[in-house]
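Under the numbering used here, the first sequence is numbered contiguously, ending at residue 816. Ideal placement from N, C-alpha and C gives every residue a C-beta, glycine not left out.
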Amino acid sequence: MKIDFIPIDYGYFDFEGRNYAKIIGRDAKGKRVCLIDSCDVYFWAILKDKLSQKQIQKLQEKIEKIKVDVKGRKTKVEKTELHNKKFLGKDVKALKIFATNYKDLHDVADKLGMPEIEKRRGYDIGFISHYIIEKKFAPLYWYEVSGEILNAGEFGGIADINVDFCIKVNSINPIKKEIFSPKVLAFDIETDEFKIGEGEILMISLVSENFKKVITWKKNKEFPYVEYVKDEAELLEKFSEIIKQISPDFLTGYFSDGFDLPYLKARAEKNGVRLNLGLDGSQPKFSRGIMTTAKIDGIVHVDLLRFIQTAYSQYMQSETMSLNEVSNEFLGESKKKFEFKHSSKIEADEWENYFEYNLQDSILTFNLFNKIWADLLEFTRITQEPVFNVSRNGMSANVEDYIVHNLSKFNEIPEKRPTYDEIGERKRRGKYEGAFVFQPSPGIYENLGIFDFTSSYGSVIVTYNLSKSTLLEKPEKNAYSIDITGRKVYFSKEQGFFPEMLKDIIEKRRQYKGELKDKPDAIKKARSNAFKLLANASYGYLGFFGARYYCEEAAAATAAFARNAIKEIIEKIDKEKYKTIYSDTDSIAFLLNGKTREQAKQFLKKLNSQLPGIMELELEDFYKRGIWVTKRTGELGAKKKYALINYEDKLKIRGFETVRRNWCTLAREVQNKVLKLILEDGNEKKAMEYLKGIVKEVRERKIDLKKMTIRTQLTKPLDEYKAITPHVIAAKRMAEKEIPVDAGGLIEYYIAEAKQENKSKLIRDKVKLIDEEGEYDVDYYLKHQLLPAVENILQVFNVDANILVEKKKQTTLGEF
DNA sequence: GTTCGAGTCGTACC
DNA sequence: ACGGGTACGACTCGAAC
């Protein structure tokens, strides 16, 4: 039997002591197919130099006698082969050691304490990754697969699962085909309590293509999309039933790893109901550890929150990752409004709203999935790991997956994961010197340009061949070398596999970015973006303590070479009679100084022709005006804080309170407006008029309390705080009121007018939660929010912002 | 009791 | 445990007066 097949989910099982991969996917007709396949199971023993043929042969014989018995499972070394391999770029002789069961490789490796063996590697990859690499059978690509249909009962019943058919694989061949539309089911639950399992699950909404449903046991009127069941137990059973009936490739939720699925599990246990969601009828499996993940056999459970966090959050405007904000940004759609109450307090006529609210959450989740699908697909194809992992990976893990899946091109044996002790050691190491930030002079400037390096750190790594495998132990003449805080490090000029992989990533990024410009489409955009993120994350990967190819020297050298590169450009810019105003890491803002934009573009070409390796400088934009301000303390210009306006009158504001979420809306709006007025006109006149009006409104308490709300994140559990800041006080009060406060949650509060007897100087003593009655503290908002937000901007025009509020002092005095 | 620098904390930039 | 370093600025804390 021969079919076109696209692998979606990977699992594995043991049968008669051996490992089998179980791959779920679709054929060309959309039939759901399960493949069963096996592959060689082995790891590597890297041999010491200068062993004789005879010594090696003796060693092989010894190793081939190894047997282990782990928990009743008997594994033995089946055979060994001698190979010429590479390890960290160096030629090595290594024994490929084949064993019965992948799970026992570690135990087999433990028996290889022989003096002839230098290192043991390749037993910590994970069977599924190993299988994908070994069979070159990567997820979400199309293959022609041939094999035999499996009948019920074979492989101890593993083939008896809810798919159209099951095949024992004979051969796999890649074919050219791209199109794949997965079947997606989004879901969301509503409960009486936030704490996992504490309340009842009231309803579950499910949304798929042409399918919208809310199941609930809270009987109400008939609605087309609502299906009533008897009780919570039946609700859970109905949920499983619908999943089985729709049979989606992907089950998706928002924060469903952390909330919906754990909740369902807890309630299923309480009700004595099985939550048999898997294709094999199994219940979701939850991982232990800091982040729980919920895995369903044969169906890929995607928690969108996790993926959106790693793949998009750095480019997002949203200040929280709430479903509402994220949907607003990605889809232009919002959640329905519903005021939460315990179900016992919900009136009969309010239920319809609740049902709609619940349904809308699944609709948003479903639409979000479709929005991010291209990115998830491309990340999966590029890193070649199953979607389940990719959707939960951090960027470092994506980089590492990419490396591990591409090592065979370099004949490289994989490096091991760091041990617990190694991680501790790496974490204890002090910081190395990072990026260069130019000291700006405060002022307002006209006619600016900004250049920046494309994939700056990535192209430095490639250009100077920086990596663990190219780091030289001793100084060499013909090598790249650089000072990193106190010592000099050397990197070979013979290209290493890590820089070469990265070079490929950056080239592909350029290629797809170009193609995207010519003819935009979602997949190209996603591909270009995935390569960009991968390139940008590669530097972080080098310095990440959990990385297999961690190399502090390479990370420090990357930052050092990048510092030199940008400083050189700054010099050249100034030498050419432009004037550098500011620079941070990989970008430079400069004055055109009477030169035309065309001249600046020509100059950019010249700069590029002089750059080494794959380093490339590009034009970010030209700007009509820009403002840099002083720090709050001292005369110096503040770094990472500026505002620009381009020739299309578009503002680019960085670092100012305007963009900081822990400032109240009033201060942010006012500052934004002031910056806009100043940048448009080039003077402060309109801004001053505007400000006077605002100060008056604040004083007369005409500002809506909502605009005075300060939002601050609780970054750790309440009892771990050493300093009791306003937001900690607010959080404590929330806890007292039994409002859920978790690490990671946003705490909202305002500063209220103090009572007469409260003479405390501490701001935290004036904290009120947003639903607590009170009046905002005029003095605080003027002096601690409004003034700081505009003071330094006005100072650029030699205007003392205090004159705006000083009147207040006099009137206050007058009042008393 | 006030002052001031150090320390804590959150958030942003790239 | 689940990318890196640089930087600003608010607020509290506690030593020094």
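Counting C-beta pairs closer than 8 Å gives fewer than three between the region 242-253 and the region 122-129, which falls short of the contact rule. Rounded to the nearest whole angstrom, the C-alpha separation of glutamate 333 and serine 322 is 13 Å. In this structure, valine 169 lies away from phenylalanine 5, with their beta-carbon atoms at least 7 Å apart.
Under DSSP, glycine 253 takes part in a beta bridge, and its partners are Asp303. In its chain, beyond the 5 residues on either side, Tyr690 have a beta carbon closer than 7 Å to the beta carbon of lysine 673.
In the pairwise beta carbon analysis, the region 397-411 is classified as not touching the region 152-161: fewer than three pairs are separated by under 8 Å.
Inter-segment contact for the region 718-738 and the region 763-773 is present: three or more beta-carbon pairs are separated by less than 8 Å. In this structure, the alpha-carbon of asparagine 173 lies about 28 Å from that of lysine 103. Between the beta-carbon of arginine 509 and that of lysine 532 there is about 5 Å, and that keeps the pair under the 8 Å contact cut. Taking lysine 238 as reference, the option from Ser256, Thr252, Phe255 and Ile201 with the minimal CA-CA separation is Ile201. Judged by DSSP secondary structure, isoleucine 461 falls within the alpha helix (DSSP H) whose first and last residues are 456-463. For methionine 203, the uninterrupted beta strand (DSSP E) segment begins and ends at 201-208. In this structure, the CA atom of lysine 65 is about 46 Å from the CA atom of phenylalanine 307. Three or more beta-carbon pairs separated by less than 8 Å are not found between the region 383-392 and the region 55-70, which leaves the two stretches without contact.
Methionine 203 counts as buried, since at least 16 other C-beta atoms from the protein chains shown sit within 10 angstroms of its C-beta.
For glutamate 118, the uninterrupted beta strand (DSSP E) run begins and ends at 117-121, by DSSP. Within a 10 Å sphere around the beta-carbon of serine 52 sit fewer than 16 other beta-carbons, which makes this residue exposed. The bridge partners DSSP lists for serine 52 come to none. In this structure the region 489-509 does not lie against the region 349-357, because fewer than three pairs of beta carbons, one per stretch, are closer than 8 Å. Three or more Cβ pairs closer than 8 Å define a contact, and the region 218-229 falls short of that threshold against the region 284-304. For arginine 32, the enclosing beta strand (DSSP E) starts and ends at 32-37. The residues Val399, Gly458, Ile461 and Leu502, in chain order, have a CB closer than 7 Å to that of serine 538 in the same chain once the five nearest residues on each side in sequence are set aside. In the displayed model, leucine 185 falls within a strand according to three-state DSSP. Of the candidates Lys652, Leu619, Lys96 and Asp584, Lys652 places its Cα closest to the Cα of glutamine 317.
Of the residues assessed, glutamate 684 falls on the buried side of the cut-off, its CB having 16 or more other CB atoms within 10 angstroms. In this structure, the CA atom of arginine 660 is about 13 Å from the CA atom of threonine 709. The region 8-23 makes contact with the region 33-50; the number of CB pairs closer than 8 Å reaches 3 or more. Rounded to the nearest whole angstrom, the C-alpha separation of lysine 337 and glutamate 657 is 30 Å. Secondary structure note for glutamate 446: its beta strand (DSSP E) is the uninterrupted segment 443-453. Rounded to whole angstroms, the separation of the alpha carbons of phenylalanine 194 and isoleucine 739 is 10 Å. In the DSSP assignment, tryptophan 217 falls outside any alpha helix (DSSP H) and carries neither an H nor an E.
Here the alpha carbons of histidine 130 and glutamine 610 stand approximately 44 Å from one another.
Under the DSSP assignment, phenylalanine 15 falls outside any alpha helix (DSSP H), being part of the beta strand (DSSP E) whose first and last residues are 2-15. Secondary structure note for threonine 712: its beta strand (DSSP E) is the uninterrupted segment 710-713. Scanning its chain for C-beta atoms nearer than 8 Å, with the 5 sequence neighbours on each side dropped, one finds around valine 77 the residues Ile63, Glu64, Lys65, Ile66, Lys67, Ile97, Phe98, Ala99 and Val108, in chain order.
Just so you know, the alpha carbons of isoleucine 299 and asparagine 393 end up roughly 18 Å apart.
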